[in-house]
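Student: By my numbering, the letter at position 168 of the sequence shown is numbered 170, and the numbering carries on one by one without gaps. For each residue, glycine too, the CB sits at the ideal point set by N, CA and C. Here's a structure for you.
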Amino acid sequence: MMANSASSWRVIDIVTAAVLGVACGLIFFVWNSVGGNLWGMFDSLTPGLGGLAVGIWLLGGVLGGLIIRKPGAALFVEVLAATVSMAIGSQWGISTIYSGIAQGLGAGIVFALFGYKRFDLPVAMLAGAGAGIGAWTLEMFVGDTPNYMMGFSYNAIYLVSLIITGLFLAGLVAWLLTRALASTGVLDRFAAGANARVVD
């Protein structure tokens with residue numbers, strides 16, 4: 003019974019996840035231009051290196067998982083963020099939603115592997131890497147030119163780039179944002195807020 007209670011969503015969890023999803027969607031929308039330009043610049047140096055620009059788009063799932071700490075939170079926030087980004091003008095259209103699903107699942111699997119009991123920096127960074135691996139897996143088979151057609155070298159560089167950017171721009175940044183939000187008191191009704199006070 004306790005496990006069911008711990009994993010069940012409260013109204014505040016749903017509302018907060020929705021707010022996080024919308025906020026991350028707005029961040030994604032801004033990053034669509036910045037990240038798109040960085041992608042082109044990095045990829046012109048070495049094909050596949052463009053993956054280093056992806057990290058901010060992986061942020062939603064990790065942030066949702068760190069704050070809500072419930073099964074499905076990473077997926078919910080990342081997919082909602084992708085939906086908002088698409089609705090207000092993502093240049094990638096419906097594929098934005100597919101990316102949100104893959105990235106949210108990638109982050110969520112990492113939190114699940116730790117039983118939704120560890121939310122420290124290493125786990126946050128692994129969740130970011132998991133989101134990157136989710137993106138890599140999707141793009142291997144989906145798109146106008148699926149990445150399996152790009153050859154081993156491209157895909158190896160792209161995978162490593164996604165893992166690196168996931169570790170830092172998604173995992174580390176999400177952990178820092180969670181800590182910053184907790185310090186303001188807005189997460190006091192969440193374990194993330196209580197844990198931050200204990201650490202401090």
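Taking the C-alpha atoms as reference points, what is the distance between G53 and R120?
Tutor: 27 Å
Student: Under three-state DSSP, which class holds F78?
Tutor: helix
Student: Taking the CB atoms as reference points, tell me whether I159 and T48 lie closer together than 8 Å.
Tutor: yes
Student: Please check the pair R71 and A194, which I expect to be a contact at CB under 8 Å, by giving their CB distance rounded to whole angstroms.
Tutor: 7 Å
Student: Looking at W177: is its Cβ nearer than 8 Å to the Cβ of L123?
Tutor: yes
Student: Which stretch, first to last residue, makes up the alpha helix (DSSP H) that contains G145?
Tutor: No alpha helix (DSSP H) holds G145; DSSP gives it neither H nor E.
Student: I'd like the ranges of any alpha helix (DSSP H) spanning at least 4 consecutive residues and lying wholly in the segment 30-109.
Tutor: 61-70, 75-89
Student: Contact check, V79 vs C26 under 8 Å by CB: the rounded distance?
Tutor: Right, their Cβ atoms sit about 6 Å apart.
Student: Would V56 be called buried (16 or more neighbouring beta carbons within 10 Å of its own) or exposed?
Tutor: buried
Student: Just checking my contact of I58 with I103 at CB under 8 Å: how many whole Å lie between their CB atoms?
Tutor: Contact doesn't hold; Cβ gap of about 18 Å is too wide.
Student: Return the CA-CA distance between N157 and D190, expressed in angstroms with no decimal places.
Tutor: Approximately 43 Å between the Cα atoms of the pair.
Student: Excluding the 5 residues flanking A19 on each side, which residues of the same chain have their C-beta closer than 7 Å to its C-beta?
Tutor: G66, I70, A75, F78, V79
Student: How would you call M151, buried or exposed, if buried means at least 16 neighbouring beta carbons within 10 angstroms?
Tutor: Under this definition M151 is an exposed residue.
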